[in-house]
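Q: Below are the structure tokens for one structure; questions will follow.
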Amino acid sequence: MGVDIRDILLPYKKVVGWETLAGVAAVDAHNALYQFLSIIRQPDGTPLMDSRGRVTSHLSGILFRVLNFLELGIRPVFVFDGTPPDFKGATIAERKEIRREASARWEEARARGDIVEARKHAQASSRVDEFVISSSKELLGLLGIPWVQAPSEGEAQAAHMVAKGSATYAVSQDYDLLLFGAPVLVRNLTVSGKRKVRGRTITVTPEKLLLKEVLEGLNLTREQLIEIGILVGTDFNTGIKGIGPKKAIQIVGEGKFAETLSEKLPDFEPELIMEFFVHPPVTDDYSVEWKPVNADGVVKMLCDNFDFSRDRVNSALEKVRVTAGQKTLDRWF
DNA sequence: CGGCAGCA
DNA sequence: TGCTGCCGG
251 MGVDIRDILL
261 PYKKVVGWET
271 LAGVAAVDAH
281 NALYQFLSII
291 RQPDGTPLMD
301 SRGRVTSHLS
311 GILFRVLNFL
321 ELGIRPVFVF
331 DGTPPDFKGA
341 TIAERKEIRR
351 EASARWEEAR
361 ARGDIVEARK
371 HAQASSRVDE
381 FVISSSKELL
391 GLLGIPWVQA
401 PSEGEAQAAH
411 MVAKGSATYA
421 VSQDYDLLLF
431 GAPVLVRNLT
441 VSGKRKVRGR
451 TITVTPEKLL
461 LKEVLEGLNL
471 TREQLIEIGI
481 LVGTDFNTGI
491 KGIGPKKAIQ
501 IVGEGKFAET
511 LSEKLPDFEP
521 ELIMEFFVHP
531 PVTDDYSVEW
541 KPVNADGVVK
551 MLCDNFDFSR
561 DRVNSALEKV
571 RVTAGQKTLD
581 RWF
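Per this note's numbering, the very first residue in the first sequence carries number 251; after that it's consecutive.
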């Protein structure tokens, strides 16, 4: 998922404290929902589900994260994907196949009692489907959180909203936001700092990337950063085998992007993808307005309809009732 | 992921 | 008070 240019971005990642993050966060909804669906699972990989078998992991994730954001003075706006460009077709088909295989391996591993293996494949089988999207939008509405429907890629729309000042920063784990021109990208926006990765407990802290610093530091234009992405592979193309971000930066710096491509991938034409990153379809037809949490509505949806515990939901909502009360003198809601 | 009980 | 580990749906 996403362009893997992590290695060259390492020097430009800045660990930031929560107090610096008060403001409007344009959240890459697909990225957040995928994260919730893949991680909020039982040890054997089974996601949270209601009595009717509907997956509810994403609803749990949204509820607690959004309420935490509000408490921290972070006003999120979720940005959902629209219609992907035609040239994403191959990637979409490939991912579908990967999910299908992962699903089968999940079953196999569970059948033979290999919990660890089962969970791994279950995570890889996660899919943000129509139900996940519509139920997420419904819950966000009840929480008073605005969401925007992108005409095409949500990442592009989120980047656009930060660029024009509708949001302070974009939130995603993917670096594509930088290719789409997001001036500020924040990663690891999870409240609990401790995470278990392969048995080890590591501390995950929010980190900020400024596009300007990345481009100046690497002495690149945004078009050149996109060229690097295309060489190593994006959501829209496979990239060249044997070329990672380090080699790509060298190639692009020497002005040999086109030359290298025509040599290694003579049939591939990068122009459409380049143009898509530079000028993606985005809209200015949105309104971003936060409303008070509809606590009754949230309880009705989550407890009556999706079997959440009343105690848990109420105590989560209780925290923002206090916060909302304190903020009424601000121009918050 | 995030809440929370249980324990040092 | 801070950490570990289980549970949620």
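From the three backbone atoms N, C-alpha and C, an ideal C-beta is built for every residue, glycine too.
Whose C-alpha, out of V441, L390, T533, is nearest the C-alpha of V605?
A: Residue 605 is absent from the model: the chain starts at 251 and stops at 583.
Q: With DSSP run on the structure shown, which of helix, strand or coil describes L313?
A: Helix, per DSSP.
Q: How long is the line joining the alpha carbons of A368 and Q285, rounded to whole angstroms?
A: Spanning the two alpha carbons is a distance of roughly 17 angstroms.
Q: Could you name the residues of the same chain whose beta carbon sits closer than 6 angstroms to that of H410, not counting the 5 residues immediately before and after it, in chain order?
A: These residues qualify, in order along the chain: V532.
Q: With K370 as the anchor, note down where its alpha helix (DSSP H) starts and where it stops.
A: Note, K370: alpha helix (DSSP H), 365-374.
Q: I'd like to check one pair, G295 with Y425: are the Cβ atoms closer than 8 angstroms?
A: Cβ atoms of Y425 and G295: not closer than 8 angstroms.
Q: Can you give the beta carbon distance from A275 to V464, rounded, assuming they're within the 8 angstroms contact cut?
A: No, A275 and V464 are not in contact; Cβ-Cβ is about 20 angstroms, not under 8 angstroms.
Q: Rounding to the nearest angstrom, what Cα-Cα distance links S385 and A400 in this structure?
A: Cα to Cα, the separation comes out at about 17 angstroms.
Q: Would you be able to state if there are at least three C-beta pairs under 8 angstroms between the segment 452-470 and the segment 479-489?
A: Because the criterion of three Cβ pairs below 8 angstroms is not met, the segment 479-489 and the segment 452-470 do not touch.
Q: Going straight from the alpha carbon of R256 to that of V543, what length do you get?
A: Looking at the two C-alpha atoms, the distance is approximately 37 angstroms.
Q: Rounded to the nearest angstrom, what separates R571 and E477 at their Cα positions?
A: Approximately 48 angstroms, taken between the alpha carbons.
Q: Classify S512: buried if its beta carbon has 16 or more other beta carbons within 10 angstroms, exposed otherwise.
A: Exposed, by the Cβ-count rule.
Q: If I follow the unbroken beta strand (DSSP E) through R472, where does it start and stop?
A: Here R472 belongs to no beta strand (DSSP E); instead the alpha helix (DSSP H) covers 472-482.
Q: Three-state secondary structure (DSSP) at V421?
A: Note: V421 maps to strand in three-state DSSP.
Q: Identify which residue in P293, A279, E269 has its Cα closest to the Cα of G323.
A: Considering only alpha carbons, the answer is E269.
Q: Looking at C-alpha atoms only, which residue of I493, I480, D535, M551 is the closest neighbour of E519?
A: Closest by alpha carbon: I480.
Q: Give every residue of the same chain whose Cβ lies closer than 7 angstroms to the Cβ of S301, excluding the five residues on either side of it in the sequence, and list them in chain order.
A: These residues qualify, in order along the chain: D557.
Q: DSSP three-state call for W540: helix, strand or coil?
A: Coil at W540, not helix or strand.
Q: What's the C-alpha gap between A340 and S559?
A: Going from the Cα of A340 to the Cα of S559 covers about 42 angstroms.
Q: Could you tell me which of G303, A359, L317, E473 sits nearest to A566, measuring between CA atoms?
A: Cα-wise, what sits closest to A566 is L317.
Q: Looking only at DSSP bridge pairs, what is G252 linked to?
A: Note: G252 sits in no beta bridge, so no partner.
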